[in-house]
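Engineer: Its first residue numbered -12, the sequence shown is counted upward by one per residue in our numbering.
I have a structure here, written as structure tokens, and I will follow up with some questions on it.
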Amino acid sequence: MALTIIDSAIIVIYLLSTLAIGFWISKKASKNMKSYFLGGNKLSWFTLGLSNASGQFDISGTMLMVSWLFIYGLKSIYVPWLWPAFNQVFLMIFLSLWLRRSGVMTGAEWIRFRFGDSAGARLSHLIVVVFALCLVLGYLAYGFIGIGKFAAVFMPWQLSDVPEKNETYYACIITAITTLYVVKGGMYAVVFTEVLQFFMMTVACIAVGAIAILTVSPQMLIAAVPQGWLSMGVGWDIGLDWSGSIPQAQQIIINEGMDLFGVFFGMVLMRGILVSMAGPAPNYDMQRILSAKSPKDAAKMSAFVSVALLVPRYMLITGLTALALAFFLGDLKLMGDNLDFETILPFAIKNYIPVGVAGLLIAGLIAAYMSTFAATANAAPAYIVNDIYKRYFNSSANDTTYVKLSYLVSITFIVIGSIIGLKVPSLNSVVLWIVGALYGGYTAANVLKWYWWRFNGFGYFYGMLAGILVAIPMMFIDVPELYAFPAILLICIVACVAGSLLTAPNDMSVLKKFYLKTRPWGFWQPVYDELKKDYPKIQPNAYFGRDALNVLVGLVWHTSLTATGILLVLQMWGALLVAVMTLIATTYFLKIRWYDTLEDYPDEYATAALIEKEQTVI
């Protein structure tokens, strides 16, 4: 693609700015481990929220969501529940509070907080590190594929006559630039560059949405899509038939099991709720929560992610899809069996976004890749250095040694993730394996750890091990990951419960410390009874009903935010009015029932001073 001088200048200035920020703040990040991985717990919830929103605004996911909207129409609003997209609702309502009260640095360190230092706890600690690193590699490979496909279309220089090699070369170059500022600046660099990236992407999103509104009329869309494309209703079947215009699209619907949409909807809702109840996976989302100044700030940050992210992102996704449907449909038909729906995004930008806006959008989408990649890469050394090297090999090294080792670990994982990316055929295959198989194996153990006192370190280890062992073969067999989820979940539940009941329970002193600080609801009565002996006035968490209702309203709130960006660009004014009114009503409800009830710690027995004292004991 031939870029103008203005477009090229925007991209170059952005890339140089991110490097400058990373090196400028590297001294602050390199003070100690807490500064490098958590920003010293000095970053505001607003800043962390913008950073987290930017980190989730990835180019690979955007390419996928454009293809989903193109194929499935407005029903694609439910497809990201696979991830699950609405996990931020569970985080904002209660899980971010519980997690941040721990005061730990990583997910693996949280496992020690929950299970203590017994043999089972040490095994569970190691298995969560293994899982976290598998997740890091999966996301790094996923990002590497996406940026290569995108950059090969837009960058003005053809580095190879072979398209696949061109994608690889560009992916390596942009990954190398991202590596420099992530490795040097740690969490500070990740957060501050992501804030810059967020504002760039938001401007680009609004611009693309506006272009689509001005150039694609509702009549043009109706003429391009099959009947049922403009409906968000959920029925037994999907109610879409592309066979007359793009048979490949219809085949994808059948291959991915979407033709029976009612079954798919029920599966993703059930799976989404279970995975969300497990809490955040040990990745960049968890690191943002642990980086917050306080539990209340962690909850507000999780809510702000949805507010900042959903409307502008879906304006971009819908704008690009509308442009492709109106002007690119004929070209897609000509591709025949070689049709690749993941190329809709780059081709739409290349052909239909005007000069000037194109440079901003390309820089914004490169920023989206860099922000996700940076956040993921920052998570790997936290586990290797803090949870393995420091704990088992050298607990007395100075902070400079730990930080320098973190540099090496980040670079190593980026290289390995990139190599995996070279071997994976498509974005969709990576996403389905991560969200279907890997998260499927994660769910059972990580739900039980919050809500059942008798669940111990051995149960966690065997449950997670079963999940990983089941997930790995899923990469090589032709079984839909979503529909394999119930079987994976059942295997892991059996392993969790058997591992717990066939071994001794956790030490009661460890359980008391955990419950005193965190105060989850669930099956904790024996632990509560023991705590009452020391703290006669202690109260259990009696807010399950309130939290459950807030989650239900929050799901409607989250879906309304998503629909607002889509309906605005599609100019469906009546439906947009309903979405906005629903959004206002649910926001008011959550203000009264959630925001006004937030508290850092549940009572005087869990004050900051006591927590700090308890932390030194664990």
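The beta carbon of each residue, even a glycine, is placed where N, CA and C say it ideally should be.
In angstroms, rounded to a whole number, what distance separates the CA positions of residue 210 and residue 68?
Structural biologist: 29 Å
Engineer: Would you call the CB atoms of residue 302 and residue 402 closer than 8 Å?
Structural biologist: No. Outside cutoff.
Engineer: Taking C-alpha atoms, which residue in 581, 541, 587 and 379 lies nearest to residue 72?
Structural biologist: 541
Engineer: Quickly, what does DSSP pair residue 439 with across the bridge? List them, please.
Structural biologist: For residue 439, which the question treats as bridged, DSSP gives the partners 510.
Engineer: What is the rounded straight-line gap between the Cα of residue 395 and the Cα of residue 574?
Structural biologist: Roughly 45 Å separates the two Cα atoms.
Engineer: With a threshold of 8 Å on Cβ separation, who are the neighbours of residue 198 within its own chain once the five nearest residues in sequence on each side are excluded?
Structural biologist: 306, 310, 339, 340, 341 and 344
Engineer: Who are residue 110's beta bridge partners in DSSP?
Structural biologist: According to DSSP, residue 110 bridges with nothing at all.
Engineer: DSSP state of residue 279, grouped into three classes?
Structural biologist: Residue 279: strand per DSSP, three-state reduction.
Engineer: Which runs of the alpha helix (DSSP H) spanning at least 4 residues fall entirely within the region 20 to 94, listed in chain order?
Structural biologist: Within the region 20 to 94, the alpha helix (DSSP H) runs of at least 4 residues that lie entirely inside it are, in chain order, 20 to 25, 32 to 43, 46 to 59, 74 to 77 and 83 to 87.
Engineer: Pull up the distance between the alpha-carbon of residue 26 and that of residue 275, whole angstroms please.
Structural biologist: With a pLDDT of 48 at residue 26, under the threshold of 50, the predicted position of this residue should be treated as unreliable, and no value is reported.
Engineer: Find the nearest neighbour of residue 33 within the set 158, 90, 49 and 284, judged by alpha-carbon distance.
Structural biologist: 284
Engineer: How many Å lie between residue 511 and residue 448 at the Cα?
Structural biologist: When rounded, the distance between both Cα atoms is 21 Å.
Engineer: Give me the Cα-Cα distance between residue 527 and residue 84, rounded to the nearest whole angstrom.
Structural biologist: 15 Å
Engineer: May I have the straight-line CA-CA distance separating residue 192 from residue 108, to the nearest angstrom?
Structural biologist: 46 Å
Engineer: Does DSSP put residue 655 in a helix, a strand or coil?
Structural biologist: Residue 655 is absent from the structure shown; the chain starts at -12 and stops at 605.
Engineer: The alpha helix (DSSP H) spanning residue 268 covers which residue range?
Structural biologist: For residue 268, there is no enclosing alpha helix (DSSP H), as DSSP marks it with neither H nor E.
Engineer: What is the DSSP secondary structure of residue 257, counted as helix, strand or coil?
Structural biologist: helix
Engineer: In the DSSP assignment, the alpha helix (DSSP H) including residue 227 goes from what residue to what residue?
Structural biologist: Note, residue 227: premise wrong, no alpha helix (DSSP H); not H, not E.
Engineer: Nearest CA to the CA of residue 99: which residue from 517, 374 and 214?
Structural biologist: 374
Engineer: Can you name, in chain order, every residue of its own chain whose Cβ lies under 7 Å from the Cβ of residue 19, other than the five neighbours on each side?
Structural biologist: Here the model assigns residue 19 a pLDDT of 47, short of 50, so the residue's position is not dependable and the matter cannot be decided.
Engineer: For residue 255, which residues in the same chain have their Cβ closer than 8 Å to its Cβ, ignoring the five residues on either side in sequence?
Structural biologist: 65, 66, 68, 69, 71 and 469
Engineer: Have a look at 497, 61, 288 and 264 and flag the residue whose alpha-carbon is nearest the alpha-carbon of residue 97.
Structural biologist: 497
Engineer: Decide if residue 400 is buried, meaning its Cβ has at least 16 other Cβ atoms within 10 Å, or exposed.
Structural biologist: buried
Engineer: Could you say if the region 485 to 494 and the region 442 to 456 meet the contact criterion of at least three C-beta pairs nearer than 8 Å?
Structural biologist: yes
Engineer: Once the 5 residues before and after residue 120 are set aside, which same chain residues still bring their CB inside 7 Å of it?
Structural biologist: Result list for residue 120: 367 and 370, in chain order.
Engineer: Do residue 297 and residue 549 have their CB atoms nearer than 8 Å?
Structural biologist: yes
Engineer: From residue 232 to residue 556, what distance separates their C-alpha atoms?
Structural biologist: So the alpha carbons of these two residues sit roughly 24 Å apart.
Engineer: When you compare only the Cα positions, how much space is there between residue 319 and residue 312?
Structural biologist: Their Cα atoms are separated by approximately 10 Å.
Engineer: What separation, rounded to the nearest whole angstrom, lies between the Cα atoms of residue 352 and residue 521?
Structural biologist: 55 Å
Engineer: Could you check whether residue 391 and residue 219 sit closer than 8 Å to each other, using their CB atoms as the reference points?
Structural biologist: The criterion of a C-beta distance shorter than 8 Å is not satisfied by residue 219 and residue 391.
Engineer: So, at 7 Å on beta carbons, what are the nonlocal neighbours of residue 599 in its own chain, with the 5 sequence-adjacent residues on each side left out?
Structural biologist: Caution is warranted here: a pLDDT of 49 is assigned to residue 599, below 50, making its placement in the model unreliable, and no coordinate value can be reported.
Engineer: Starting from the C-beta of residue 101, find all residues in its chain whose C-beta is less than 7 Å away, skip the five residues before and the five after it, and write them out in chain order.
Structural biologist: Cβ within range, chain order: 436 and 501.
Engineer: Specify the secondary structure class of residue 233 as computed by DSSP and reduced to three states.
Structural biologist: coil
Engineer: Is the beta carbon of residue 432 sitting closer than 8 Å to the one on residue 476?
Structural biologist: no
Engineer: Taking the straight line between their C-alpha atoms, what separation do you get for residue 260 and residue 74?
Structural biologist: 8 Å
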